[in-house]
Amino acid sequence: MKNRLKVLRAERDWSQADLAERLKVSRQSVNAIETGKYDPSLPLAFRIAGLFDMAIEEIFLCN
């Protein structure tokens with residue numbers, strides 16, 4: 001699944017580690033989500049959307 005996570009993170013000048021800490025996941029998880037190797041669980045997707053104050057659909061794009 002494509003997503004805008006890397007762009008949104010960069011706009012805030014956050015490292016992957018910064019984002020991971022805010023989401024309470026590992027940096028490796030953030031990297032895997034950003035590169036499309038891992039689709040987040042629904043609860044994690046809601047946490048990501050809440051952190052960026054966006055709808056899930058605005059962040060995660062179906063192919």
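Residue numbers (our numbering): 1 to 63. Glycine residues also receive a C-beta, built at the ideal position from the N, C-alpha and C atoms.
When DSSP states are grouped into helix, strand and coil, LYS6 belongs to the helix group. Nearest to LYS37 by alpha-carbon distance, out of SER29, PRO43 and LEU44, is SER29. A straight line joining the alpha-carbon of LYS6 with that of GLU34 spans about 6 angstroms.
Distance from the CA atom of LYS24 to the CA atom of ASP39, rounded to whole angstroms, is 16 angstroms. Sequence-distant Cβ neighbours of GLN16 in its own chain, meaning closer than 8 angstroms and more than five residues away, are ARG9, ARG27, VAL30, ASN31 and GLU34. For a cut-off of 8 angstroms, the C-beta gap from ILE56 to ARG4 is around 11 angstroms, too long to register as a contact.
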